[in-house]
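>
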Amino acid sequence: MRILVASLLLLVGTCSNKRHSERVSDLKASIEFNDKSSVETYLNTITENDLERHLVEIASDKYGGRMTGEDGHNQICDYIRSHYQNLELEAPVAYQDYYQRIPAVFLPENLKDSQNVIAFIEGSEFPEEYIIISAHSDHLGIEYGEIFNGADDNGSGTSAILEIAEAFKLAEKNGVRPRRSIVFLHVTAEEHGLIGSRFYTENPAFPLEFTVANLNMDMIGRVDEKHLNNPDYVYLIGSDRISTELDYIVRKANDEFAKLELDYKYNDRNDSNRYYNRSDHYNFALKNIPVIFFFNGEHSDYHKASDTIDKINFNVLKKRTQLIFATAWYIANSDNAPSKEIL
Ligand SMILES: [Zn+2]
Numbered sequence: 001m002r003i004l005v006a007s008l009l010l011l012v013g014t015c016s017n018k019r020h021s022e023r024v025s026d027l028k029a030s031i032e033f034n035d036k037s038s039v040e041t042y043l044n045t046i047t048e049n050d051l052e053r054h055l056v057e058i059a060s061d062k063y064g065g066r067m068t069g070e071d072g073h074n075q076i077c078d079y080i081r082s083h084y085q086n087l088e089l090e091a092p093v094a095y096q097d098y099y100q101r102i103p104a105v106f107l108p109e110n111l112k113d114s115q116n117v118i119a120f121i122e123g124s125e126f127p128e129e130y131i132i133i134s135a136h137s138d139h140l141g142i143e144y145g146e147i148f149n150g151a152d153d154n155g156s157g158t159s160a161i162l163e164i165a166e167a168f169k170l171a172e173k174n175g176v177r178p179r180r181s182i183v184f185l186h187v188t189a190e191e192h193g194l195i196g197s198r199f200y201t202e203n204p205a206f207p208l209e210f211t212v213a214n215l216n217m218d219m220i221g222r223v224d225e226k227h228l229n230n231p232d233y234v235y236l237i238g239s240d241r242i243s244t245e246l247d248y249i250v251r252k253a254n255d256e257f258a259k260l261e262l263d264y265k266y267n268d269r270n271d272s273n274r275y276y277n278r279s280d281h282y283n284f285a286l287k288n289i290p291v292i293f294f295f296n297g298e299h300s301d302y303h304k305a306s307d308t309i310d311k312i313n314f315n316v317l318k319k320r321t322q323l324i325f326a327t328a329w330y331i332a333n334s335d336n337a338p339s340k341e342i343l
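Under the UniProt record's numbering, the first residue of the sequence shown carries the number 1, and numbering increases by one thereafter.
#1: Can you tell me whether residue 96 is buried or exposed? The criterion is at least 16 other CB atoms within 10 Å of its CB, across all chains shown.
#2: So, with DSSP's three-state summary, where would you put residue 25?
#3: Would you mind working out which of 271, 307, 333 sits nearest residue 61, comparing C-alpha positions?
#4: So is residue 187 buried or exposed if we call it buried at 16+ other beta carbons inside 10 Å?
#5: Assess, as a yes-or-no matter, whether the region 268–277 is touched by the region 230–247 under the definition of 3 or more beta carbon pairs within less than 8 Å.
#6: Cβ of residue 50 versus every heavy atom of ligand 2: is any distance shorter than 8 Å?
#7: Measuring alpha carbon to alpha carbon, tell me which residue in 147, 104, 233, 299 is nearest residue 260.
#8: Tell me where the alpha helix (DSSP H) around residue 188 begins and ends.
#9: Give a yes or no on whether the C-beta atoms belonging to residue 165 and residue 58 are separated by under 9 Å.
#10: Does the contact criterion of 3 or more C-beta pairs under 8 Å hold for the region 320–331 versus the region 245–255?
#11: Taking the straight line between their C-alpha atoms, what separation do you get for residue 174 and residue 333?
#12: I need the DSSP call for residue 324, collapsed to helix, strand or coil.
#13: Would you list the one or two residues that DSSP bridges to residue 217?
#14: Is residue 225 buried or exposed, if buried means 16 or more other CB atoms sit within 10 Å of its CB?
#15: Which whole-angstrom value describes the C-beta separation of residue 129 and residue 337, a residue pair presumed to lie in contact below a C-beta threshold of 8 Å?
#16: Measure the C-alpha to C-alpha separation of residue 49 and residue 119 and round it to an integer number of angstroms.
#17: Between the region 202–221 and the region 130–140, do at least 3 Cβ pairs fall closer than 8 Å?
#18: Going by Cα to Cα distance, which pick from 222, 148, 204 is closest to residue 100?
#19: At a cut of 8 Å, does the region 264–274 reach the region 101–111 through at least three beta carbon pairs?
#20: Give the DSSP bridge partners of residue 81, in chain order.
#21: If you measure between the beta carbons of residue 321 and residue 163, is that distance less than 9 Å?
#22: Return the Cβ separation of residue 68 and residue 192 in integer angstroms, given the expectation that the two are a contact with Cβ distance under 8 Å.
#23: On the CB-based measure, 16 or more other CB atoms within 10 Å of its CB, does residue 310 come out buried or exposed?
#24: For residue 210, does the three-state DSSP call read helix, strand or coil?
#25: Let me know the secondary structure DSSP gives residue 2 once reduced to three states.
#26: Can you give the Cα-Cα distance for residue 294 and residue 158, rounded to whole angstroms?
#27: By how many angstroms is the C-alpha of residue 339 removed from the C-alpha of residue 72?
#28: Quick one: measure Cβ to Cβ for residue 167 and residue 46, integer angstroms, because I've assumed they're closer than 8 Å.
#29: Please name the residue in 78, 318, 335, 206 whose C-alpha comes closest to that of residue 284.
#30: Taking the straight line between their C-alpha atoms, what separation do you get for residue 316 and residue 115?
#31: For ligand 1, I want to know if residue 136 counts as a neighbour, meaning its beta carbon is within less than 8 Å of at least one of the ligand's heavy atoms.
#32: With distances taken from each beta carbon to the nearest heavy atom of ligand 1, which residues come in below 5 Å, in chain order?
#33: When the distance is taken between beta carbons, is residue 54 closer than 9 Å to residue 196?
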């Protein structure tokens, strides 16, 4: 009798495993870029030169390390906003000047009023569904007379969003408007505890219930020690935790376009660094929005004045930015938003 029960259980287990593997392969097979040449056309407008032009500006001394609330950070927010105004991206209805202001009372002691910067491209078919592409714009300011330029943290992610937005806008101008809306969100006060992104998720410019994904980048311009001999990599964190489909989408985008090594080391729930909790995507994940955190790993210049532009690898920064662009393109144009289901 016991043996029979055991074999019945085994049988049941085998059947459900088979069903599971079929579901996995069906889901994988359903993810196809039908418009590969369009993606390639616009992805190729993201260049090392353009990324470098933005990053030279953002990581320069004149912005004084972009401390939340200080003049230098405010000027960088103006720089970001000017980019969107020049491109003629729209501002959210609630924030007509692209600024979501955060009064000092919401910020830790001694910080002055600050702002998130928000621009978007409205979708053609599902304009009320939103993909949020985010990066924090602030850094650590000046300590003991040393300016913390934060070229990697997070000048790299900031520059990447500016380029991704430009590529989507160019596509739109050429008649290839995304089917869903794409929001470009530059959050403040990340370095003080993910405050700008928390403020956004508590005061969303667009309904969170129709926000289908958040792609967040924080430090994507460097190569860590583990990959010195293979700089073409990126760490993905969180991509499979809320939506298996989202993880398959980024893998497919990578296979088709960027061809980086996708390193899931820091996605391990037991990893002691707990990076999943440590950048702005986390506030979206807390709202059950599928997220991906794109990250290059730590390096010896992390949170030091030596995080400077001369150490940025623009070639891999470009490839990572293109991967994020292609992933966003797929999410913006597919028939369905990524399912919040774990297979
Ligand atoms: Zn950062």
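Yeah, the Cβ is synthetic: ideal placement off N, Cα and C, and Gly gets one too.
The structure says:
#1: exposed
#2: helix
#3: Residue 307 holds the alpha-carbon nearest to the alpha-carbon of residue 61 among 271, 307, 333.
#4: buried
#5: yes
#6: Ligand 2 is not part of the structure shown, which contains ligand 1 as its ligands.
#7: 233
#8: Residue 188 -> no alpha helix (DSSP H), and no H or E assigned at all.
#9: no
#10: The region 320–331 makes contact with the region 245–255; the number of CB pairs closer than 8 Å reaches 3 or more.
#11: Cα-Cα distance, rounded: 16 Å.
#12: helix
#13: According to DSSP, residue 217 bridges with 294.
#14: exposed
#15: 6 Å
#16: 23 Å
#17: yes
#18: 204
#19: no
#20: Partner(s): none; residue 81 has no beta bridge.
#21: yes
#22: Their Cβ separation, rounded to whole angstroms, is 6 Å, which keeps residue 68 and residue 192 in contact under 8 Å.
#23: exposed
#24: Reduced to three states, the DSSP call for residue 210 is helix.
#25: Low confidence applies to residue 2: its pLDDT is 48, below 50, so where it sits in the model is not reliable enough to give any reading.
#26: 13 Å
#27: Rounded to the nearest angstrom, the two C-alpha atoms are 41 Å apart.
#28: 6 Å
#29: 206
#30: 30 Å
#31: yes
#32: 153, 154, 218
#33: no
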